[in-house]
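Trainee: Input: one structure, supplied below.
Residue numbers (this note's numbering), protein chains in the order written: chain A, 57 to 156; chain B, 4 to 166; chain C, 14 to 498.
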């Protein structure tokens, strides 16, 4: 059987990759996908813990996280479409019109 | 079962790397689908059958289709690297590494490799999950409907041409 | 297993009524001609008042609901009333402003009510999953509200930045919840606080427990915009439509503080001193950087944004002061902050004119001569934000500092006092420009619509009432500061 530490390590690595992508990527759609990656890392942690603890609450949590991710995707992509319509750009570097 | 976990864990990490490193959003999206599906296999191995199915149908299916659709709609091309990210790179990278190291260390300290699982395997079929969802978690479940209403309303408000 | 009973429903009555009105607003929306959408705003205001009446009903049957996941105690009812007040003031201030910007759609009111529902759930929940859902509801609604001026590039940008950083923060908060669940097997704050005393899982020095608390703190720190998680704040406050900024700067922030109080002074109060130092450090950073950055601003909206960051620092001082001392002053502070900040943002936004053209400080030159009443109003808000005696801002700060001194946080109190002295400079800059310089204020054109007048009157009267007679309200906050969670 897989040790819990290995499951959590996978989860931490995915979370870290997502966070790294959030910081380094320039395309807003890619940045958003990195957030999805982080949410999946969270879900893996929930399910790993649920297995380890032998109770189902963690899975319910993961279920709610998926629902929230779906809602977030709907709103987020709508925001991205609205932004693109006005700016014609998807690069985060073009969004700095407010400085001092 | 264990070898299967490691195969898909490595696959998930490689695909996640590809999500982060690809310069073209469509490739990132496709790699993300690979991550989601390999995680679904991991869920299955961990006994979370219901979640595994949901992961494939809702996450890899519905949500990612939305992503790919928007990428196509906006004709998102390869991104151009810029100097702006330099500050983030110098500042963010070490911080992130420290944070990750800390987290991994914490995992190892608290759960040494010997700890595997609880004695009793929870029955995680749709029946058990559903029973829990509609009994103990009925309020969060109902509140989710408000969340989805907000999401629908928000998407319409922002993306519709004329209100 | 739980069975839902009548009392359970009574204990979420305010939230249910608000959600019901939000849905009704959407149902009526298509039947109203474009010119009559303000009716929906009044209808929403009626909904807020109805929810306020419902909190009175709820207060007669306090207790836990839905299997210990909702707690209708005095603490949560206090916060619900605060959110309803903020929502009502925002609604009153938004009618005219929305019409002027040509974005008077019913969806605005529905989203505002939904955001309030989410915030109420955040304050009232004792189950991390419910707190998370409340947080998400209020966040998603406010992301959309920030981008409600769809044709405006700045509004888009505000919405995008708020969304990306907000969901990034949510991921951290969630990971923190996951670790708490893994360590304890539960996500119910009541069960947790009962367990922690015994299990010692969250003993000081347990790295993983420490990580969990830190992750949750980071997630919430984004929402209350403490340094270094504040980078989105000025841009979002500047770009969002004015009434939304007023709402954002107070509502979600107060809700996140309610959660911080419940988690860190409630469930994990026994988790040791490490958490205290996190609050201590981020309070100092936030107060110093917020106030110093505000000195450099020439745009009034951005100035108020940095001032909002600095004020979060003072609230953190109250939380650092701890369980017995800090909670009531924090509640007092948040109420006063709500009154003065909503008022200031609404007034500045109105003066800025169509398309928010006049938001530089120079645009207010000579306002005191052209529009004495309006300028006096703005000056009152500035004095209160600066913490001038006879205004509520003074007592708000005073109670926080007193609590900090009682808890032995002398160093922190000195920093807080010094930074609030610094803050006087930038608040007075606006007053000086209004009264001591001749000139034709660009920002003086439009007369105040009467709904906005009502909102401003409520804020100003509130500020002076609490500034002159703070004792009654302080007693109320003491009552509301029940032992958490």
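Positions of the beta carbon are idealized from the N, C-alpha and C atoms, including for glycine. Just so we're clear, the structure is a prediction, and the values are computed from it rather than from any experiment.
Starting from the C-beta of residue 40 of chain B, find all residues in its chain whose C-beta is less than 6 angstroms away, skip the five residues before and the five after it, and write them out in chain order.
Mentor: Position 37 of the second chain, counted from the start, is the residue given in the question as residue 40 of chain B. Closer than 6 angstroms at the Cβ level, and outside the excluded window around residue 40 of chain B, lie 63.
Trainee: Write down every uninterrupted run of the alpha helix (DSSP H) in the segment 216-249 of chain C whose length is 4 residues or greater and which is fully enclosed by it, in chain order.
Mentor: Here the runs fully enclosed are 220-237.
Trainee: Can you give the Cα-Cα distance for residue 312 of chain C and residue 264 of chain C, rounded to whole angstroms?
Mentor: As a working mapping, residue 312 of chain C is identified with position 299 in the third chain. As a working mapping, residue 264 of chain C is identified with position 251 in the third chain. Between residue 312 of chain C and residue 264 of chain C, the C-alpha separation is close to 23 angstroms.
Trainee: Using a Cβ-Cβ distance under 8 angstroms, would residue 28 of chain B count as near chain C?
Mentor: For the purposes of this step, residue 28 of chain B is taken as the residue at position 25 of the second chain. Taking Cβ atoms only, chain C never reaches closer than 8 angstroms to residue 28 of chain B, which makes this a no.
Trainee: Please decide whether residue 160 of chain C counts as near chain B, where near means a Cβ-Cβ distance under 8 angstroms.
Mentor: Working through the third chain from its first residue, we reach residue 160 of chain C at position 147. Yes, its Cβ sits closer than 8 angstroms to a Cβ of chain B.
Trainee: Would you grab the beta carbon distance between residue 144 of chain C and residue 132 of chain C for me? Rounded to a whole angstrom, and I think it's under 8 angstroms.
Mentor: On the third chain, residue 144 of chain C is found 131 positions in, with the first residue counted as 1. On the third chain, residue 132 of chain C is found 119 positions in, with the first residue counted as 1. Actually they are not in contact, since the Cβ atoms of residue 144 of chain C and residue 132 of chain C sit about 11 angstroms apart, beyond 8 angstroms.
Trainee: In chain order, what residues of the same chain have a beta carbon less than 7 angstroms from the beta carbon of residue 327 of chain C, not counting five sequence neighbours either side?
Mentor: Mapped onto the third chain, residue 327 of chain C falls at position 314. The residues are 300, 346, 410, 413 and 429.
Trainee: According to a CB-to-CB cut-off of less than 8 angstroms, which residues of the segment 133-146 of chain C neighbour chain A?
Mentor: Listed by position, the residues of the segment 133-146 of chain C near chain A (Cβ gap below 8 angstroms) are 142, 145 and 146.
Trainee: Give me the DSSP bridge partner(s) of residue 20 of chain B.
Mentor: The residue labelled residue 20 of chain B in the question sits at position 17 within the second chain. None; residue 20 of chain B has no bridge partner.
Trainee: Which one of C:74, C:423, C:441 and C:388 has the shortest CA to CA distance from residue 398 of chain C?
Mentor: As a working note, residue 398 of chain C is residue 385 in the third chain. Ranking the options by Cα distance to residue 398 of chain C, first place goes to C:441.
Trainee: Give the interface partners of residue 97 of chain B over in chain A, defined as CB-CB distance under 8 angstroms, in chain order.
Mentor: For the purposes of this step, residue 97 of chain B is taken as residue 94 along the second chain, with counting starting at 1. Correct list: empty, because the minimum Cβ distance to chain A is about 12 angstroms.
Trainee: Anyone know if the C-beta pair for residue 84 of chain A and residue 137 of chain A falls short of 8 angstroms?
Mentor: Sequence index remark: in the first chain, residue 84 of chain A carries index 28 (1-based). Sequence index remark: in the first chain, residue 137 of chain A carries index 81 (1-based). Not closer than 8 angstroms, so no.
Trainee: Under 9 angstroms between beta-carbons, which chain A residues line up against residue 163 of chain C? List them in chain order, please.
Mentor: Residue 163 of chain C sits at position 150 when you count from the first residue of the third chain. Ordered by position in chain A, the residues that pass the 9 angstroms Cβ test against residue 163 of chain C are 138, 141 and 142.
Trainee: Report yes or no: is there a C-beta of chain B within less than 8 angstroms of the C-beta of residue 94 of chain A?
Mentor: By 1-based counting over the first chain, the position of residue 94 of chain A is 38. So no, residue 94 of chain A is outside the interface.
Trainee: For residue 96 of chain A, which three-state DSSP category applies?
Mentor: The count along the first chain starts at 1 and reaches residue 96 of chain A at position 40. Three-state result, residue 96 of chain A: helix.
Trainee: Going along the chain, which residues of its own chain have a beta-carbon closer than 7 angstroms to the beta-carbon of residue 156 of chain A, five neighbours each way excluded?
Mentor: Locating residue 156 of chain A in the first chain gives position 100, where the first residue counts as 1. In this predicted model, residue 156 of chain A has a pLDDT of only 42, less than 50, meaning its place in the structure is not dependable; the value taken from the coordinates is given anyway. Here the set comprises nothing.
Trainee: Alpha carbon to alpha carbon, what distance is there between residue 343 of chain C and residue 493 of chain C?
Mentor: Residue numbering aside, residue 493 of chain C sits at position 480 when the third chain is read from its first letter. Residue numbering aside, residue 343 of chain C sits at position 330 when the third chain is read from its first letter. Cα to Cα, the separation comes out at about 11 angstroms.
Trainee: Within 8 angstroms (strictly less), CB to CB, does residue 66 of chain A reach chain C?
Mentor: The residue given as residue 66 of chain A occupies position 10 in the first chain. False, the Cβ-Cβ gap to chain C never drops below 8 angstroms.
Trainee: Is the beta carbon of residue 153 of chain B closer than 8 angstroms to that of residue 39 of chain C?
Mentor: Reading the third chain from its first residue, position 26 is the one you call residue 39 of chain C. Reading the second chain from its first residue, position 150 is the one you call residue 153 of chain B. Taking 8 angstroms as the Cβ cut-off, residue 39 of chain C and residue 153 of chain B do not qualify as a contacting pair.
Trainee: So, using beta-carbon positions, are residue 160 of chain B and residue 157 of chain C closer together than 8 angstroms?
Mentor: Mapped onto the second chain, residue 160 of chain B falls at position 157. Mapped onto the third chain, residue 157 of chain C falls at position 144. Contact flag set, yes.
Trainee: Leaving out five residues before and five after residue 132 of chain B in sequence, what residues of the same chain have Cβ atoms less than 6 angstroms from its Cβ?
Mentor: For the purposes of this step, residue 132 of chain B is taken as the residue at position 129 of the second chain. Taken in chain order, the residues that qualify are 53.
Trainee: May I have the straight-line CA-CA distance separating residue 112 of chain A from residue 248 of chain C, to the nearest angstrom?
Mentor: Counted from its first residue, the first chain places residue 112 of chain A at position 56. Counted from its first residue, the third chain places residue 248 of chain C at position 235. The alpha-carbon atoms of residue 112 of chain A and residue 248 of chain C are separated by roughly 42 angstroms.
Trainee: Should residue 206 of chain C be flagged as near chain A, meaning a C-beta pair shorter than 8 angstroms?
Mentor: By one-based count along the third chain, residue 206 of chain C stands at place 193. It does not; no Cβ of chain A falls within 8 angstroms.
Trainee: If we cut at 8 angstroms on Cβ distances, does residue 151 of chain A have a partner in chain B?
Mentor: Position 95 of the first chain, counted from the first residue, corresponds to residue 151 of chain A. No, residue 151 of chain A lies away from the interface with chain B (no Cβ there is under 8 angstroms from its Cβ).
Trainee: Could you tell me which residues DSSP puts in a beta bridge with residue 312 of chain C?
Mentor: The residue given as residue 312 of chain C occupies position 299 in the third chain. BP columns for residue 312 of chain C point to C:373.
Trainee: Does residue 108 of chain B have its Cβ less than 8 angstroms from a Cβ in chain C?
Mentor: As a working note, residue 108 of chain B is residue 105 in the second chain. So, interface residue.
Trainee: Under 7 angstroms Cβ to Cβ from residue 96 of chain A, same chain only, skipping five residues before and after it: list those, please.
Mentor: As a position in the first chain, residue 96 of chain A is number 40, starting the count at 1. If we look at residue 96 of chain A and ignore the five residues flanking it on each side, its Cβ neighbours are 70.
Trainee: Applying a beta-carbon distance threshold of less than 9 angstroms, which residues of chain B neighbour residue 122 of chain A?
Mentor: For this step, residue 122 of chain A is matched to residue 66 along the first chain. The contacting residues are 54, 57, 58, 61, 62 and 66.
Trainee: Name the two residues that bound the continuous beta strand (DSSP E) containing residue 61 of chain B.
Mentor: Position 58 of the second chain, counting from 1, holds the residue named residue 61 of chain B. Taken as a continuous stretch (DSSP letters only), residue 61 of chain B belongs to no beta strand (DSSP E), as it is neither H nor E.
Trainee: What is the residue span of the beta strand (DSSP E) that residue 7 of chain C lies within?
Mentor: Here chain C comprises residues numbered 14 to 498, so residue 7 of chain C is not present and cannot be evaluated.
Trainee: Quick check: the segment 431-440 of chain C against the segment 67-87 of chain C, are at least 3 beta-carbon pairs closer than 8 angstroms?
Mentor: Flag = no, the segment 67-87 of chain C and the segment 431-440 of chain C do not touch.
Trainee: For residue 207 of chain C, count neighbouring C-beta atoms within 10 Å of its own C-beta (all shown protein chains included) and say buried if the count is 16 or more, exposed if not.
Mentor: As a first step, residue 207 of chain C must be located in the third chain, where it is residue number 194. Exposed.
Trainee: Report yes or no: is there a C-beta of chain B within less than 8 angstroms of the C-beta of residue 335 of chain C?
Mentor: Sequence index remark: in the third chain, residue 335 of chain C carries index 322 (1-based). No, residue 335 of chain C lies away from the interface with chain B (no Cβ there is under 8 angstroms from its Cβ).
Trainee: Hey, could you find the ends of the beta strand (DSSP E) residue 436 of chain C is sitting in?
Mentor: Along the third chain, one-based indexing puts residue 436 of chain C at 423. Taken as a continuous stretch (DSSP letters only), residue 436 of chain C belongs to no beta strand (DSSP E), being part of the alpha helix (DSSP H) at 423-449.
Trainee: Return the residue from the list B:43, B:22 and B:26 that minimises the CA-CA distance to residue 35 of chain B.
Mentor: Counting from one through the second chain, the residue named residue 35 of chain B turns up at place 32. Ranking the options by Cα distance to residue 35 of chain B, first place goes to B:22.
Trainee: Using a C-beta to C-beta distance shorter than 7 angstroms, which residues of chain B count as neighbours of residue 82 of chain C?
Mentor: Counted from its first residue, the third chain places residue 82 of chain C at position 69. Near residue 82 of chain C (Cβ distances below 7 angstroms), the residues of chain B are 142.
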